[in-house]
Amino acid sequence: MKLIINKLLYASTLKLRRVSFIICLLMMISSCDEEGFLELKPVDFYSADVSYITYDHFESAIHNLYYIFREEFYSPHGAVQAPALWVAFTDMLYYSQNIPDDWGNYINPYQNFVYNSVWRPAYHLIYEANVIIDRIDEEGVEITDDQRTHFKAEASLFRGLSYAMLAHLYGDVPIILEETTSPRRDFVRAPVLMYINKVLLI
Amino acid sequence: MKLLLCFILFSVLNVSGSIFSQSTTFDLAVNGKTVKEVFKDIESQSQYRFLYNDDFPGLNRLVTLSSYNLTINEALDELFEGANLTYRELENNLIVITPAELFLQDGHKVVGIITDAGGDPLPGANVIIEGTTIGAVTNVDGNYSIVTDPNNTLVFSFIGYESQRIPINGRSEINITLSPTIEQLDEVIAIGYGTQRRRDLTGSVIQADQEMIQDHYGTSVVQSLHGTVPGLNIGQINQAGQEPSLSIRGQTSLAGVGAPLIVVDDVIFRGNLIDLNPHDIESINVLKDASSVAIYGSQAANGVVMITTMRSGREEGITLDYNSSYSFDSPAHSIGLESPEEYLARIRNYDVFDSRTAESGYLEPKPDYDISQLLRTTEQIEAYRNNNPTDWANVVLNERMYSHNHNLSFSNRSENSRYYVSLGYTDVVGYAVNDEYSRWNARFNLDNSITDWFDIGVQSFMTTSDYSGESAHSQAYILPPFAPAFREDGSYTTNPRGVGADINPYYTVYETDDLNKRLNLFGNLYANISVPFIEGLSFRTNYSTNYRKSDRHYFRPWDSNFQGSGQKREGLFNDWSQDNILNYLNTFGRVHRVDLTLGYGREKREYSYSRAYSEIFSRHELGYNRLQIGSADMHAVESGGWVETSLYNFARFFYGYDNKYLLTGTIRRDGFSGFSEENKFGLFPSIATAWTITEEDFMNINWLNFLKIRVSYGSSGNRTIGRYDIVAKLDGGYRIIDGDKRSLYAHGITSMASPNLKWETTTGYNFGFDFVLLDNRIEGSIDYYNNNTTDLLYEVDIPGISRFEVFPDNLGKIHNQGLEINANSINVSTEDFQWTSSFTFSRNRNELKELLGFDTTGDGKEDDLVAEGLFIGESIDAIYTYVNTGNLWQLDDYFEDRIPSYGDYGTYILEDLNGDGEITPDDRTIIGYSSPSYRFSVGNRFKYKNWSLYVFLNSVQGGSNYYLGLDDLSAMNDFGGTMELNRTWATNLDVWLPENPNATYQRQGVHNVPAQFRQTRHTSRSFIRLQDLRLSYNFDREFLTRVNLNSLRVYFHGSNLFTWTDWPGWDPETGDRINMYGRPITKSYSFGVDIKF
């Protein structure tokens, strides 16, 4: 009788050991590297962090400047042919698509036509150029100095062009020469001359 | 305890019911036995049974007897000689032993009858003088008699019933009705990663009416709960297979998810709720307050709905259950279409200056006015001339709406295992042609005890659902009656309306090959180990995986100028989750109840989709199954996906002292891949206490059976942010061409990183009562909650100088508070007739406390976001617009030039609030709120013999300025365009005309006022609805045995039978106003049968 009880006790101890083992195992499996498990893994887009490193990356970014310029100012939905504004070099506005319209109608609190035609696209270009000019100097970028100079020059052209457009239309405008990485509301207008010094003459 | 056993024994004997002969004699020859042992001897020799309390003095006295041929009376007299005991003989050979003093004592005699709630006497119930062991037992008629001091207190008790303490106060007759013990309070319910007895709950947790769930009405699981759980708001549906919207308590988020977390069998459920078969559901609990949901941390701010599926039939053994119903459906309320005659009369009035004579004041029609000039195409003019209208409603709407479903389940419960297998089929045909839904459900649940300490099991299901078919219900309104469907040669016209690229619905509805199918596969494996040697310690681990596939293919032969277009789109969700839960539950020293739960788990979710598309097919037969034969330059491919991971740890501690003082504390730590590095983990603590006052000795109020006060405080989160919002995204493509005509790849940043994004946090307290009153006739709960949600995810406007115009950030604060009442009562309960009622009430108010925090106006108060309709210190559902006087500008005003620029003749007159003589945006104000003021529902259930009738009224009320809906014809008006001429309007509209100056609605063809001045009109959506009427009949057991069935029930269920409302649109609850795109909700008459073998 005693023997049987002992056997039973032994068996259940074994079971208990196994159970404890299983519990420990499960806890172990579960509590592995938390940071690794929670790592953010984009699967259908590239993040900016890995997209400004090689020559091809920067070349594609430069291509985008041309694309935006065409898309915003020349495509059918970029309704206003903006270059007409700055070629005229005055504050006179006209709608070069020959649609009889008075721009004055659009300058009111309910319309963002002018904003969407010039201000927003110009700053879009400036941003894209700033991204290139900023990121090309970062550590780990795999391009030669000649290529760097070339890309910077090309980006500066679009940036200068955009500021010229803005300055001719608005006069003093905020001058942003770095990639905006966090939201800001504290922009201030800088004198037109500053843009000539800072943007055109660098 | 012994006494209890005696009572059980008694009840067994009571059934046997035979009388043992008085003349039977015994031989008593005992030497030094106790009195109790002698009783046993007698019991072994006869059918007499003795009922006594172990504590009675003298029962353990040793006796020595040797007497023969004694009758029972003689034997007992001899036995009790010298002892202070006496006996009384009841029917059924039961002999009750009582202390002799009870019957001998001089004193106050109290008599009475003890009955149950139904009035039936309770034989064998115990009456004891408080503080003593002295007592009496009722006889078969429930009568008792006891002699005691008139100032004593009597305690009445019976097994399975609640004890009652009644002071005698000199009375000589006390009749008592005992109520059954509130077993519900000991019922164990799911609270997330574990269970708890209802009496131990410290948070606001409501269990949905079991009977409603068992009636499993509706296509979706939650439809049968519509309106029955206060605080759980379930939306109306108006399409076949539509998922009702769900929300718990108020809106806590501006941009984020508003739906509660769904947990099925303790696993977070990511699919569509409609994939669950209502017949497979055992119970549904709703966790509402911040403390009870805190166990689900960063996903729980909108509450949690816990669903438990069937484990096996409710009865032991094998059960085969077949349920079938067929429902005749119709629109509960439709916006009628105008007839061709009405249409012609209306468009004739479109421009009264043109169609009527000036001399008559534009009241008389011009005799020579030609209406055909208003029609758009020559085909339309021809159809008008030939008076050959087309009934488009007949083309796009179903003549007959119906639904039917069949369910077969098989379950078995044995000692070591139980399983449940079911198969279900549902088919719904809705309002519009191709508005159809069909679903197959299969489920297999198994629980198996391998040893007494090791259980394993599985919950699994497969659902396929089919939403195929392109429907075009709104075409009934969009197409005018004289737009011809057929050409003279009998072929379909292509563009009957003559507008844009509108295609004849005969093509779009009937010739499109449209496939929209979903598949849901779910499996959850678990193991449960009750750790041996440590009482109360158990460990549970489970692994669940879920595949959900959705296919959306179509081939439209009529698209691309009848050359055809096709798409094949497949999406696949794959989730897995793993939970490990360690639980320790024990009671120490009978009063200290401890329940500790620790958990750790993780989850991974993946989604991927691909889409192939092509246009211009020279042959159409293969459709979307051979897209590559489409024109090569029209081929398009697209693919995408996402991955997210999350993990959690939690600890929950419960301590209960003597069922009186209860305390629960939880803390959960949540990590989510979508949270930024700085905020990778969130911590969500909560604490709750409760005090069951009725367990206190001083709380002895007759009418109050149970009262518990709960107070809880805690915080929970709403993940809500996008999976990838924290990183800067890039997008690219071949966007430009170089001099050699090569495509060049271009890319740029499309969103700014928001490196601090995190969850929205809802913190609040809940104060509640649970009560049971009046002999358990009324039970219910009242809850008040007060929550603040902070760190709202909001797309903040930023200057375009940054390139991006919005930036997602966590800021602001919304406040929600509300009251919920839930009560159930037993009004009448007799053997043949029962009447029970339920009542719910809920009310919620929200307020936007702060958002961006800017004060540019310098008034010391944060600026309102007028354009977004958000006002600080106001409800987020505020309606901000001009005050509509309800009057209209008339022709006289027009001719006398009194109409300001915002209006025209036949348009609403706006109120000049600031009295500056003109209407400017400053004249706008908050005219009311779109959210409900309060909701209530009343349910009554009557049972008479085999009949059962259930009537349920549901209501949402707005009071004077809540629950407002836009009620104007702006959806049908074209604001200066002429589309009204080319549409079918609703019939019988009270629209302005010169002869109808005081109309409800503005005239058709209202001029193009700038949007910011657009006149609106709002009407209350308040309604009361006879939502459910259910009559069922259960066949007699007698009949069932004859036909070899376990149970047979036939029923009729009517839903949405009648609605009392002033809302003129499609439906007040869906909020669809009079427009072309609305759909009616369904009124149904459903007949069903439920057979159990």
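Just so you know, the protein sequences line up as chains A and B, in that order. Start counting at 1 in the first sequence, then tack on 20, and there's your number in the working numbering. Start counting at 1 in the second sequence, then tack on 57, and there's your number in the working numbering. Each residue gets a CB set at the ideal place from its N, CA and C atoms; glycine is no exception. Here the structure is a predicted model, which is why all the values come from computation and not from measurement.
Please go through the same chain and pick out, in chain order, the residues whose beta-carbon is closer than 6 Å to the beta-carbon of residue i, but skip the five residues on each side of it.
{"i": "Ile673 of chain B", "result": "Ser617, Gln620, Gly687, Ser688, Met691"}
{"i": "Thr1116 of chain B", "result": "Phe1080, Arg1082"}
{"i": "Arg613 of chain B", "result": "Thr569, Ser622"}
{"i": "Lys22 of chain A", "result": "With a pLDDT of only 46 at Lys22 of chain A, under the threshold of 50, the placement of this residue in the model should not be trusted, and no figure is reported."}
{"i": "Ser123 of chain B", "result": "Ala86"}
{"i": "Thr598 of chain B", "result": "Ala584, Asn637"}
{"i": "Asp27 of chain B", "result": "Since the first residue shown for chain B is 58 and the last is 1150, residue 27 of chain B is missing from the structure and cannot be characterised."}
{"i": "Phe1092 of chain B", "result": "Leu1105"}
{"i": "Arg145 of chain B", "result": "Val153"}
{"i": "Leu679 of chain B", "result": "none"}
{"i": "Ile294 of chain B", "result": "Pro301"}
For residue i and chain D, any beta-carbon pair shorter than 8 Å?
{"i": "Phe518 of chain B", "result": "Here the protein chains are A and B, and chain D is not one of them."}
Residue i and residue j look like a contact to me (Cβ under 8 Å); what is the Cβ gap, rounded to whole Å?
{"i": "Phe741 of chain B", "j": "Ala351 of chain B", "result": "5 Å"}
{"i": "Ile936 of chain B", "j": "Tyr986 of chain B", "result": "7 Å"}
{"i": "Met458 of chain B", "j": "Tyr482 of chain B", "result": "18 Å between Cβ atoms; not a contact."}
{"i": "Thr194 of chain B", "j": "Leu136 of chain B", "result": "The residue you asked about is not Thr; residue 194 of chain B is Val in the sequence shown. Not a contact, Cβ separation roughly 19 Å."}
{"i": "Asn84 of chain A", "j": "Gly805 of chain B", "result": "4 Å"}
{"i": "Thr309 of chain B", "j": "Thr819 of chain B", "result": "5 Å"}
{"i": "Lys765 of chain B", "j": "Phe826 of chain B", "result": "7 Å"}
{"i": "Asn359 of chain B", "j": "Gly315 of chain B", "result": "6 Å"}
{"i": "Gln296 of chain B", "j": "Asp448 of chain B", "result": "With a Cβ gap of about 23 Å, Gln296 of chain B and Asp448 of chain B do not count as contacting."}
{"i": "Arg368 of chain B", "j": "Glu395 of chain B", "result": "Not really, about 56 Å apart at Cβ, beyond 8 Å."}
{"i": "Thr723 of chain B", "j": "Ala708 of chain B", "result": "7 Å"}
{"i": "Glu695 of chain B", "j": "Ser730 of chain B", "result": "Rounded, the Cβ-Cβ distance is 24 Å, inconsistent with contact."}
Ignore the nearest five residues each way along the sequence and tell me which others in residue i's own chain have a CB closer than 7 Å to its CB.
{"i": "Pro957 of chain B", "result": "Glu975, Ile976"}
{"i": "Trp106 of chain A", "result": "With a pLDDT of only 44 at Trp106 of chain A, under the threshold of 50, the placement of this residue in the model should not be trusted; the figure read from the coordinates follows. Within the same chain, Trp106 of chain A has close Cβ partners Ala184, Met185, His188."}
{"i": "Leu159 of chain B", "result": "Only weak support is given to the placement of Leu159 of chain B: the predicted model assigns it a pLDDT of 47, under 50, and the value that follows is read from those uncertain coordinates. Ile191, Ala193, Ile203, Val204, listed in sequence order."}
{"i": "Val361 of chain B", "result": "Gly249, Pro317, Leu318, Val320, Leu344, Val350, Tyr353"}
{"i": "Gln516 of chain B", "result": "Asp322, Thr366, Asn502, Asn581"}
{"i": "Phe1144 of chain B", "result": "Ser382, Tyr383, Phe1109"}
{"i": "Ser607 of chain B", "result": "Arg575, Gly628"}
{"i": "Ile196 of chain A", "result": "Ile146, Asn150"}
Give the range of the beta strand (DSSP E) segment to which residue i is assigned.
{"i": "Leu922 of chain B", "result": "Careful: Leu922 of chain B lies outside any beta strand (DSSP E) and carries neither H nor E."}
{"i": "Glu627 of chain B", "result": "622-645"}
{"i": "Gly374 of chain B", "result": "374-388"}
What residue range does the alpha helix (DSSP H) around residue i cover?
{"i": "Arg1094 of chain B", "result": "1094-1100"}
{"i": "Met269 of chain B", "result": "267-271"}
{"i": "Ser988 of chain B", "result": "Segment: none, Ser988 of chain B is in no alpha helix (DSSP H) and carries neither H nor E."}
{"i": "Ala533 of chain B", "result": "532-535"}
{"i": "Pro562 of chain B", "result": "562-567"}
{"i": "Arg405 of chain B", "result": "397-405"}
{"i": "Val829 of chain B", "result": "Premise fails: Val829 of chain B lies in the beta strand (DSSP E), 817-830, not in any alpha helix (DSSP H)."}
Short of 8 Å in beta carbon distance, which residues of its chain neighbour residue i, apart from the five on each side in sequence? Order them along the chain.
{"i": "His46 of chain B", "result": "The displayed coordinates of chain B run from 58 to 1150. Any statement about residue 46 of chain B would go beyond what the structure contains."}
#### Entry: Contact residues within the stretch 163-189 of chain A, judged by C-beta distance below 9 Å to chain B
none
### Query
Looking at chain A, which residues of the stretch 114-133 of chain B have a Cβ within less than 7 Å of any of its Cβ atoms?
none
#### Entry: Interface residues of the stretch 143-158 of chain A facing chain B [CB-CB below 7 Å]
Tyr143, His144, Tyr147, Glu148, Val151
### Query
At what residue ranges does the stretch 135-170 of chain A contain a whole run of the alpha helix (DSSP H), taking only runs of 4 or more?
140-155
### Message
Counting only Cβ-Cβ distances shorter than 9 Å, please list the residues of the stretch 197-216 of chain A near chain B, keeping chain order.
### Response
Glu199, Thr200, Thr201, Ser202, Pro203, Arg204, Arg205, Phe207
### Query
According to a CB-to-CB cut-off of less than 8 Å, which residues of the stretch 845-860 of chain B neighbour chain A?
Cβ contacts with chain A come from Val853, Ile855, Pro856, Gly857, Ile858, Ser859, Arg860.
### Task
Give, in chain order, every unbroken run of the alpha helix (DSSP H) that is at least 4 residues long and sits entirely within the stretch 880-904 of chain B.
The stretch 880-904 of chain B contains no whole alpha helix (DSSP H) run of 4 or more residues.
### Task
Using a Cβ-Cβ cut-off of less than 8 Å, list which residues of the stretch 58-71 of chain A approach chain B; keep chain order.
Leu58, Glu59, Leu60, Lys61, Pro62, Val63, Asp64, Phe65, Tyr66, Ser67, Ala68, Asp69, Ser71
### Task
Identify each residue in the stretch 652-663 of chain B for which the Cβ-Cβ distance to at least one residue of chain A is less than 9 Å, and report them in chain order.
Tyr657, Gly658, Arg659, Lys661, Glu663
### Message
I'd like the ranges of any alpha helix (DSSP H) spanning at least 4 consecutive residues and lying wholly in the stretch 569-624 of chain B.
### Response
616-619
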